[in-house]
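Engineer: Position 20, counted from 1, in the sequence shown is what the numbering used here calls 20; the numbers after and before it change by one each time, with no gaps. For every residue, glycine included, the Cβ atom is placed at its ideal position computed from N, Cα and C.
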Amino acid sequence: MALSEIFPGGWEILNTRLYNSEGIFKSSPSEYMDIRDDRVYYYFDIKPGATLTYYVQLNAAYPGKYYWPGVYCEAMYDHTISGGVSGKQVEVVE
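1. Run through DSSP, which three-state label would LYS88 get?
2. Under the assumption that ASN59 contacts LEU14 (Cβ atoms under 8 Å), give the Cβ distance between them as a whole number of angstroms.
3. For TYR66 versus PRO8, is the C-beta distance shorter than 8 Å?
4. Can ILE46 and MET1 be called in contact, C-beta distance under 8 Å?
5. What number of angstroms, rounded off, separates the C-alpha of VAL85 from the C-alpha of THR16?
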């Protein structure tokens, strides 16, 4: 499976792998995780009926109104298997 999470431009992704600081927000295992400037991709296997949880720690760096894109997941080699949630407006206040 490939899970795509895209974040608003005024937000910073905190790469907890650099500091071994996941704390209580320990994600489920994945085969590979790709952190970019504005998005995180997880690649993983999942058994039918299983539940996995992935966390991304963020810093809302700038106040303002932002559109938070939805999260999307699909099977890597079978595009008939997919799911996602719609994005929404969010507001960061000081």
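Structural biologist: Straight from the coordinates:
1. Counted from its first residue, the sequence shown places residue 88 at position 88. LYS88: strand per DSSP, three-state reduction.
2. Here residue 59 corresponds to residue number 59 of the sequence shown, with the count starting at 1. Here residue 14 corresponds to residue number 14 of the sequence shown, with the count starting at 1. Going by Cβ atoms, the distance from ASN59 to LEU14 rounds to 6 Å, so yes, they are a contact pair.
3. Stepping through the sequence shown from its first residue, residue 66 is reached at position 66. Stepping through the sequence shown from its first residue, residue 8 is reached at position 8. Against a cut-off of 8 Å, the Cβ pair of PRO8 and TYR66 comes out as a contact.
4. Counted from its first residue, the sequence shown places residue 46 at position 46. Counted from its first residue, the sequence shown places residue 1 at position 1. A contact, by the Cβ cut-off of 8 Å.
5. Position 85 of the sequence shown holds residue 85. Position 16 of the sequence shown holds residue 16. Each residue's Cα considered, the two are about 25 Å apart.
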